[in-house]
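Novice: Okay, here's the structure, questions in a sec.
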Amino acid sequence: MGEVPALDDQLLDPLLEETLSSFAPAARQVLLRAALPERCCASLVQAIGGDSSSHRVTREVLQLARNSGISRRLPHLGAEWFEFHPLFRELLLRHLEHSETPPNLAALHTRAAEWFAANGMYDAAIVHRLAAGDAASAAALVECQVQPALAREDWPNVARWLDLLPRELVESEPRLLLARGWMLHVHGLARQLAEIPGNLARSLDVSGVSPADAEALRAEAMLIPYVSLVPFQMETEGTLATVQGLAARLTPAQVF
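All residue numbers for the sequence shown refer to our numbering, where the first residue is 696 and numbers rise by one.
Shown next, in the form of structure tokens:
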């Protein structure tokens with residue numbers, strides 16, 4: 696018995712065209728924009744659209760989408776959350792890209808990123824910042840969240856945020872490079888961790904970071920190996936004095 700063929704564009708495109716043809720232009724725009732994030736809810740779609748659509752139209756369109764066969768509900772996220780069938784979403788995104796100019800599409804991603812960041816959903820905020828072509832803002836968002844996350848020992852989130860960013864961006868931003876150093880320490884990758892101080896020095900040379908902040912970042916890099924108790928076990932008093940000296944060079948922002 697042969698495999699059942701997967702749904703493809705030839706099957707879904709007519710369904711999408713039929714669905715879109717039944718919508719007024721404003722409602723059609725809401726539906727297309729609802730496909731921009733992987734998962735959506737009414738307040739998110741309203742934020743993406745800005746002032747271009749009414750709350751009533753957004754609510755009606757999303758209610759129809761949630762109750763149709765083109766999406767499924769996500770009760771673990773909340774009563775209003777749902778996601779489109781992946782292939783159907785792909786087609787919606789294709790229509791969205793054709794109906795919006797590149798600057799407008801970037802603006803939609805930016806508004807989505809702002810909503811996700813404001814609601815503490817940083818993975819999605821990073822993805823949409825990058826989709827908007829704003830890698831600097833994506834990096835800044837991660838930089839702001841790294842120290843609080845490390846203080847909570849929330850290693851998985853930090854590792855995932857760094858993985859979402861382009862590797863060359865992480866290597867060029869001193870604070871992101873330090874965050875990568877902490878991840879290398881957590882995973883016991885001592886050889887790669889040993890490269891961090893040198894890489895950090897090169898990054899600081901071209902980063903424009905103030906001398907005071909650069910000194911604090913260097914001190915943090917030098918402190919990473921001391922998180923292990925081994926140095927203290929080998930030479931307690933000398934190690935403690937070294938750690939206290941390095942810690943004195945840190946700033947209040949270096950919470951962890």
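Positions of the beta carbon are idealized from the N, C-alpha and C atoms, including for glycine.
1) Would you tell me roughly how many angstroms separate the C-alpha atoms of Arg-754 and Ser-902, rounded to the nearest one?
2) Quick one: what does DSSP say Arg-944 is sitting in, helix, strand or coil?
3) I want to check one thing, is the minimum distance from the CB of Ala-819 to the heavy atoms of the ligand ATP below 7 angstroms?
4) Phe-777 by DSSP, collapsed to three states: which one?
5) When DSSP builds the beta bridges, which residues end up paired with Arg-767?
6) For the candidate residues Leu-731, Leu-726, Glu-733, Pro-732, whose alpha-carbon lies nearest to that of Val-752?
7) Between the C-alpha atoms of Gly-744 and Leu-786, what's the straight-line distance to the nearest angstrom?
8) Quick one: what does DSSP say Cys-839 is sitting in, helix, strand or coil?
9) Which residue marks the beginning of the alpha helix (DSSP H) containing Leu-857, and which one marks its end?
10) Which same chain residues end up closer than 7 angstroms to Ala-911 when comparing Cβ atoms and leaving out the 5 residues on each side of it in sequence?
11) Using 8 angstroms as the cut-off, can you tell me whether the region 793-812 makes contact with the region 766-780, which would need three or more C-beta pairs spanning the two stretches below that distance?
12) For my contact list, Val-837 and Leu-857 are in at a C-beta cut-off of 8 angstroms; report their separation, rounded to the angstrom.
13) Quick one, are the C-beta atoms of Ala-942 and Leu-918 less than 8 angstroms apart?
14) Taking only the alpha-carbon atoms, compute the straight-line gap between Arg-643 and Glu-778 and give it to the nearest angstrom.
15) Rounded to a whole number of angstroms, what is the C-alpha to C-alpha distance between Gln-724 and Pro-843?
Specialist: Looking at the coordinates:
1) 46 angstroms
2) coil
3) You won't find the ligand ATP in this model; it holds no ligand whatsoever.
4) strand
5) Glu-778
6) Leu-726
7) 19 angstroms
8) helix
9) 850-859
10) Arg-944, Leu-945, Thr-946, Gln-949
11) no
12) 7 angstroms
13) yes
14) Lying before the first or after the last residue shown, residue 643 is absent from the chain, which here runs from 696 to 951.
15) 38 angstroms
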